[in-house]
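Engineer: This is the structure I have questions about; it appears just below.
Protein chains: 2
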Amino acid sequence: MAALLHAGGQSAAEMAEVAERLTEVAEHLELHAPTREQRLVDMWAGEGVTRHDPVTGPENAVAPPLALGGLPDGSIEGRVTLGLPYQGPPGCVHGGVSALLLDHTLGVANHWAGVSGMTGTLTLRYHRPTPLFEELVVRARQVSVDGRKIRTTGEIVAGGEVCVSAEGLFIDKHLPRPGRGAARD
Amino acid sequence: MAALLHAGGQSAAEMAEVAERLTEVAEHLELHAPTREQRLVDMWAGEGVTRHDPVTGPENAVAPPLALGGLPDGSIEGRVTLGLPYQGPPGCVHGGVSALLLDHTLGVANHWAGVSGMTGTLTLRYHRPTPLFEELVVRARQVSVDGRKIRTTGEIVAGGEVCVSAEGLFIDKHLPRPGRGAARD
Numbered sequence: 001m002a003a004l005l006h007a008g009g010q011s012a013a014e015m016a017e018v019a020e021r022l023t024e025v026a027e028h029l030e031l032h033a034p035t036r037e038q039r040l041v042d043m044w045a046g047e048g049v050t051r052h053d054p055v056t057g058p059e060n061a062v063a064p065p066l067a068l069g070g071l072p073d074g075s076i077e078g079r080v081t082l083g084l085p086y087q088g089p090p091g092c093v094h095g096g097v098s099a100l101l102l103d104h105t106l107g108v109a110n111h112w113a114g115v116s117g118m119t120g121t122l123t124l125r126y127h128r129p130t131p132l133f134e135e136l137v138v139r140a141r142q143v144s145v146d147g148r149k150i151r152t153t154g155e156i157v158a159g160g161e162v163c164v165s166a167e168g169l170f171i172d173k174h175l176p177r178p179g180r181g182a183a184r185d
Numbered sequence: 001m002a003a004l005l006h007a008g009g010q011s012a013a014e015m016a017e018v019a020e021r022l023t024e025v026a027e028h029l030e031l032h033a034p035t036r037e038q039r040l041v042d043m044w045a046g047e048g049v050t051r052h053d054p055v056t057g058p059e060n061a062v063a064p065p066l067a068l069g070g071l072p073d074g075s076i077e078g079r080v081t082l083g084l085p086y087q088g089p090p091g092c093v094h095g096g097v098s099a100l101l102l103d104h105t106l107g108v109a110n111h112w113a114g115v116s117g118m119t120g121t122l123t124l125r126y127h128r129p130t131p132l133f134e135e136l137v138v139r140a141r142q143v144s145v146d147g148r149k150i151r152t153t154g155e156i157v158a159g160g161e162v163c164v165s166a167e168g169l170f171i172d173k174h175l176p177r178p179g180r181g182a183a184r185d
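Below is the structure:
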């Protein structure tokens, strides 16, 4: 995928032949694929760690992938270097890609802290351009749990400086809404 | 890319052979690719419309791609149906992918309105799960320009209901900062 984008339209490679070879591979895979319904069951049948998400999933070609790990202080951290497929402004990471990485990392930080929820609000602040081709540190931590409301923060750091920071408000759907008595989704 | 993820680890396809064929294609492409520096020049040499971004770019396999068009009322709109590579919760679009689509669409709405800037703050509100495999409408419009500050909003709609809404504050770097006299970046 990265090689395709790197080559570009000016490449001397035989692009029609490349397209034909990729189509052949896709057709071969589709011939042997389970139904969509069966695949959706299979991909969620594990023990909580998914391999298919668009940020950390090693089986998802969209994912950089970012490898996240839990730290003893309760936070989550990962390192990643992004190439051309993730470009926004020239030579810089797309702001929406930074949002994607942070949204996911905040969710993993909630999981690591033991209380998870659905994203209610996510606020991103862009402090400086995030560089391509340089190692980025992506971090997040759960800050507070107040009833159903979970607050989580994170940031993307390059060369020791914060490029993007994020604040998320997550809602724990397992707890009842105030004044409603019983849990409902 | 979608076929690989759809097939999954339980597939009867010869995955080692698939990996070998994909590696061969990548090596062929890399052999004919320009240097990274040259490619960065080439990919930004057009007339403002890029073909490589991770949201709308037809040359970027990461992109769904979303096809955006300008409307006579000054807003921007596009339609897209997302599959397994963009999954967050089971059967739903990843919240970070929605953020990626909206960040980009807000930027395009600014461009369409004639005044663009760098993203300062982006706030996303998640109203209901965004479905996979259903047509989504992605919309954005520039709301106001006040000195350097540009405000832009957008939403992702499925079946007539807003799933995610976004508000962006963009900074026009072409104008001087208040009280500083001259433009600087």
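Just so you know, the sequences run in chain order A and B.
Start counting the first sequence at 1; every next residue gets the next number (full-length UniProt numbering).
Start counting the second sequence at 1; every next residue gets the next number (full-length UniProt numbering).
Glycine is no exception: its CB is placed at the ideal position from the N, C-alpha and C atoms.
Since we're looking at a predicted model, the values are computed, not measured.
Going straight from the alpha carbon of Gln87 of chain A to that of Ala61 of chain A, what length do you get?
Structural biologist: When rounded, the distance between both Cα atoms is 16 Å.
Engineer: With DSSP run on the structure shown, which of helix, strand or coil describes Asp42 of chain A?
Structural biologist: Asp42 of chain A falls in the helix class under three-state DSSP.
Engineer: Are the Cβ atoms of residue 190 of chain A and Glu134 of chain A separated by less than 8 Å?
Structural biologist: Any answer about residue 190 of chain A is impossible in this case: the structure gives chain A only from 1 up to 185.
Engineer: Kindly indicate which residue of A:Glu14, A:His28, A:Gly83 and A:Ala26 has the alpha-carbon position closest to the one of Arg36 of chain B.
Structural biologist: For Arg36 of chain B, the nearest C-alpha among the options comes from A:Gly83.
Engineer: If the cut is a Cβ gap below 7 Å, which residues of chain A does Val55 of chain B touch?
Structural biologist: Result: Gly96.
Engineer: Which two residues bound the contiguous alpha helix (DSSP H) that contains Met118 of chain A?
Structural biologist: Segment Met118 to Tyr126 is the beta strand (DSSP E) holding Met118 of chain A; no alpha helix (DSSP H) there.
Engineer: For Arg177 of chain B, name the three-state secondary structure that DSSP assigns.
Structural biologist: Three-state DSSP puts Arg177 of chain B in coil, outside helix and strand.
Engineer: Could you tell me the alpha carbon to alpha carbon distance between Glu161 of chain A and Arg79 of chain A, rounded to whole angstroms?
Structural biologist: So the alpha carbons of these two residues sit roughly 14 Å apart.
Engineer: Per DSSP, Leu169 of chain B forms a beta bridge with which residues?
Structural biologist: Per DSSP, B:Thr121 and B:Arg151.
Engineer: Can you pull the chain A neighbours of Gly120 of chain B, defined as C-beta to C-beta under 8 Å?
Structural biologist: Ordered by position in chain A, the residues that pass the 8 Å Cβ test against Gly120 of chain B are Arg125 and Tyr126.
Engineer: Let me know the secondary structure DSSP gives Arg21 of chain A once reduced to three states.
Structural biologist: Three-state result, Arg21 of chain A: helix.
Engineer: Using beta-carbon positions only, say whether Leu175 of chain A and Gly147 of chain A come within less than 8 Å of one another.
Structural biologist: In contact: Leu175 of chain A and Gly147 of chain A (Cβ atoms closer than 8 Å).
Engineer: Just the chain B side, please: which residues come within less than 9 Å of Ala3 of chain A by C-beta, in chain order?
Structural biologist: Neighbours of Ala3 of chain A on chain B, chain order: Val25, Ala26, Glu27, His28, Leu29, Glu30 and Ala33.
Engineer: When burial is assigned at 16 or more other CB atoms within 10 Å of the CB, is His127 of chain B buried or exposed?
Structural biologist: Exposed, by the Cβ-count rule.
Engineer: Please work out which residues of its chain come closer than 7 Å, Cβ to Cβ, to Ala183 of chain A, disregarding the five sequence neighbours upstream and downstream, and give them in chain order.
Structural biologist: With a pLDDT of only 44 at Ala183 of chain A, under 50, the local geometry of the prediction cannot be trusted, and the value read off the model is given with reservation. So the list reads His174, Leu175 and Pro176, once near-sequence residues are dropped.
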